[in-house]
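Per our numbering, the sequence shown runs over residues 20 to 91.
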Amino acid sequence: MEKINLQKGREFPEEFLYLLDKYQIASRVSPERPNLILEEEGDIFIFKVDDLQEELIPFFVVSAGPVDSGSE
């Protein structure tokens, strides 16, 4: 079993970014850098048995970064 600690204000771990797409994790436009944890209700647990893997994912929200308005 692997535990991924989620903490508001910290960056989501890069090695687990695939989970954001796999579970369609909520994101919110923010002036903060992308993948910053904005809300969390627990930690992620990954269970592995032989070739099987199962993830237990709590509700959490990450920043999507600022929207590019196209004007510079």
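Using N, Cα and C, we set each Cβ at its ideal position, and we do this for glycine too.
Of the candidates Phe78, Lys27, Ser46, Ile65, Ile65 places its Cα closest to the Cα of Glu34. Within the stretch 38 to 66, complete beta strand (DSSP E) segments of at least 3 residues are found at 45 to 48, 56 to 59, given in chain order. Taking the Cα positions, Lys41 is about 11 angstroms away from Ile76. The C-alpha of Val81 is placed about 21 angstroms away from the C-alpha of Glu21. DSSP places Lys27 in no beta strand (DSSP E); its state is neither H nor E.
Here Phe35 carries a helix assignment [DSSP, helix/strand/coil].
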